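Here the structure comes first, spelled out in structure tokens, and everything after it is commentary.
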């Protein structure tokens, strides 16, 4: 007899995985190394240690170890808000009239409101262990900055956040959460860094960009004794820490003998999708199972679907290493798009290589349709989703409706990365019917793509 | 050997209690009945049915049935966000250096952000079952309005919320959540009701009050075919539905053979405290166990500690029934106090009677000390608490520090009613050091207390 699947599949805390999974160990074609823009050669530990934490750099360069132990202190912190539930969306299924089974892995049940805390606490731990005074970072939508503030408060580290100015002004509540956790939040561009002052002089009225905030945070880290720079997405180490999502999902599915057919995640820099999907992709790489993995990106910032697989800068200021990834060009700035977490011009090198090699597919969706899905989800499943997460919801609903057509009872797993509690401006626009669906034209994209540097591999 | 207590004690969904607990059945001295202001006599079903839902009125008047079945549809909805975890505050204990064991029952893991959803879904269910088109209500802080919007969306009911005007203006995000769930939100006082127009004419610049919003919502319910008025606190039925909190807490404690010593809840209208504590008080009433139950109220609105136990109106407009309760007088308006959910002038008649009979104690705490506790909790336990909940945290910390002095390992259980994600204005004031701790003077209180009507019992 089939086991009755509960609404929420919880693991016990001793079932939280004790190791992160490193998909690079299973990849036949490894992701291309980061390249030092000064030397044109692959980044070494010596190149990276002045900017990033030492242990994290080792993880960044580790293409060999399949599993990496989660430190006990990080595991303890995980137990405060993990395991996160894998929820069967019974009510959404009913509303859709689909035979498909929809599951969502919900990462929003912590104050940062998203999965970002999974990597933030790991990065703060290694910074503390290295004896650092503090860390610097940038934040756009604010989820990463909030998560890092929480993590730093926990370990007694100073936390300096450069927050894109338009977010700083539009999201005062995000700022206050960070301040409540003791972080110093500076609107970027600011006059606290050379690069900030330069940008302000050239563009006096600018509201900032993520690329600019990255440049400021890196400068701030390197100019202060005992500080390093940390980053919440794109990097290999972040994909690694976020695999806690996918590993827990696998454990929960296993409890009820559920075989996932389709795994869906939103994709900005790739941290959530990588975390959710790479443990499943690992099974594919090892020939153990097969899945459809779908990356969903906003049509306004379509790096997978309309970008180029090439070496490019990670920041607008072009001071960070070059990464080989799907990119729209480091000068690309997406139009006003309320999914603040999906505005990055590039994509995780790991996911980029896997996409290039056919292990995942990608699609781009328009904003209004994403909010249609978000509201349907909110009203049936009770959770007001983050705009980012809602990209995955949109495609999960589409797939479930295809199942309705075909009569197939597929198992669809989607990553519900977080809540929309700090995104109500966007919901207000949607509720008022004033949301826009701007998509870059081919001419615009061509111009940005042309600025991608030529790098010899 | 003692079982290792996990960070979070989760129940399985089939361990969610199938019945609510009605403490009135165990009370030797029953709470005094509501009185009809028109007749001066106890409210009957016939008096109540034109305003409130029929099944809920039966529950309101039921002093006899100890357990009342939770309808299957409500239980299904509960499974979307319940059971809520009972969490051991290991990190807070460590930060305090106390031998006490602190547990918190966290009700904030749903989009309404609080326990209010427990009663909202029950009330919406009975309204739907009665064949109503919709319901009206008022909301101050916005938690109840949000919860009711979610519940109405689920059952396809129209939801009309009168939101205190100052909240409507100061909390646009709360408003947008309600709109996202399809509710019609009207700032109160409004020109949509007679009482609203009257108040606007008399006080053109008023920013509204909960009492005024209640009056408008009641008028709106009675003037529309197929509508009834619903309320999120104070009433006996609300205490009943909220016992799901305390019953789950008992089940979780039992799993690990934990005997609570002190149970602490914040008290505004009493819905959370009543829900958490009355199942434990039931054990006391039946002579099965003994507990210290502590009600924590804001010093700015101290109905238990400085009010009078007397019949009084529940609303400023004096159109609602009279309830015998601890009250500061229906004309009392607390000073600016950021715990929006704890501003009601009265208190649940059930809790009032139990307090009068010595089954719980009460204390009043000042706002800045509450936020000190909130921030300590946020930084150690990861959850940014609602200002309301933080009242309970403050006293739990005080009790834990007393245990540190005495060396006692008491088990302290506190009700963490919700999250502070929509209260960042208050946190901002705290972070900026501009919070105030106004406490009403004896002279002020005497004036309000003198306006309590004389009612013959």
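Protein chains in written order, with our numbering: chain A, 1 to 457; chain B, 1 to 457.
Glycine residues also receive a C-beta, built at the ideal position from the N, C-alpha and C atoms.
Fair warning: this is a prediction, and the values are worked out from it, not measured in the lab.
Determine, for residue i, whether the minimum Cβ-Cβ distance to residues of chain B falls below 9 Å.
i                     : result
residue 375 (chain A) : yes
residue 360 (chain A) : no
residue 163 (chain A) : no
residue 458 (chain A) : Because chain A spans 1 through 457 in this model, residue 458 (chain A) falls outside it and cannot be assessed.
residue 18 (chain A)  : no
residue 113 (chain A) : yes
residue 118 (chain A) : no
residue 137 (chain A) : no
residue 104 (chain A) : no
residue 150 (chain A) : yes
residue 87 (chain A)  : yes
Below 9 Å between beta carbons: does that hold for residue i and residue j?
i                     : j                     : result
residue 390 (chain A) : residue 245 (chain A) : no
residue 304 (chain A) : residue 362 (chain A) : yes
residue 328 (chain A) : residue 449 (chain A) : yes
residue 209 (chain A) : residue 234 (chain A) : no
residue 137 (chain A) : residue 9 (chain A)   : no
residue 297 (chain A) : residue 266 (chain A) : yes
residue 350 (chain A) : residue 236 (chain A) : yes
residue 311 (chain B) : residue 35 (chain B)  : yes
residue 158 (chain A) : residue 134 (chain A) : yes
residue 62 (chain B)  : residue 109 (chain B) : no
residue 228 (chain B) : residue 132 (chain B) : yes
residue 111 (chain A) : residue 146 (chain B) : no
residue 268 (chain A) : residue 239 (chain A) : no
residue 16 (chain A)  : residue 82 (chain A)  : yes
residue 105 (chain A) : residue 252 (chain A) : yes
Just checking: is the beta-carbon of residue i within a distance shorter than 9 Å of some beta-carbon in chain A?
i                     : result
residue 177 (chain B) : yes
residue 1 (chain B)   : For residue 1 (chain B), the pLDDT reaches just 45, beneath the cut-off of 50, and the residue's location in the model is therefore unreliable, although a value from the coordinates is still provided. By this cut-off, residue 1 (chain B) is not an interface position.
residue 428 (chain B) : yes
residue 256 (chain B) : no
residue 434 (chain B) : no
residue 208 (chain B) : no
residue 368 (chain B) : no
residue 309 (chain B) : no
Taking residue i as part of the beta strand (DSSP E), name the residues at either end of that continuous run.
i                     : result
residue 138 (chain B) : 134–139
residue 294 (chain B) : 292–298
residue 14 (chain B)  : Run containing residue 14 (chain B): none; DSSP gives neither H nor E here.
residue 261 (chain A) : Unbroken run through residue 261 (chain A): none, as it is neither H nor E.
Quick one: which chain B residues come within Cβ less than 7 Å of residue i?
i                     : result
residue 476 (chain A) : No answer is possible for residue 476 (chain A): it lies beyond the span of chain A, which begins at 1 and ends at 457.
residue 173 (chain A) : 424
residue 122 (chain A) : What residue 122 (chain A) touches in chain B: nothing, since even the nearest Cβ is about 15 Å away.
residue 153 (chain A) : 379
residue 110 (chain A) : 382
residue 431 (chain A) : 176, 179, 180
Interface residues of chain A around residue i at Cβ under 8 Å?
i                     : result
residue 182 (chain B) : 379
If I follow the unbroken alpha helix (DSSP H) through residue i, where does it start and stop?
i                     : result
residue 212 (chain A) : 210–223
residue 81 (chain A)  : 72–81
residue 448 (chain B) : 442–449
residue 235 (chain A) : Where residue 235 (chain A) is concerned, there is no enclosing alpha helix (DSSP H), given that its DSSP letter is neither H nor E.
residue 304 (chain B) : 303–306
residue 197 (chain A) : 194–202
So which residues on chain B does residue i lean against when the C-beta distance must stay under 8 Å?
i                    : result
residue 13 (chain A) : 6, 7, 8
Interface residues of chain A around residue i at Cβ under 9 Å?
i                     : result
residue 421 (chain B) : 111, 113, 173, 177, 419, 421, 422
residue 91 (chain B)  : 76, 77, 80, 154
Every unbroken beta strand (DSSP E) within the region 94–173 of chain B, with a cutoff of 3 residues, ordered by chain: You should have 101–106, 134–139, 158–164.
Alpha helix (DSSP H) runs wholly inside the region 322–372 of chain A, at least 4 long, in chain order: The region 322–372 of chain A contains these whole alpha helix (DSSP H) runs: 349–356.
Contained beta strand (DSSP E) runs [length at least 3] in the region 379–434 of chain A, N- to C-terminal order: 411–416
Continuous alpha helix (DSSP H) assignments of at least 4 residues falling wholly in the region 20–91 of chain A: 45–48, 54–61, 72–81
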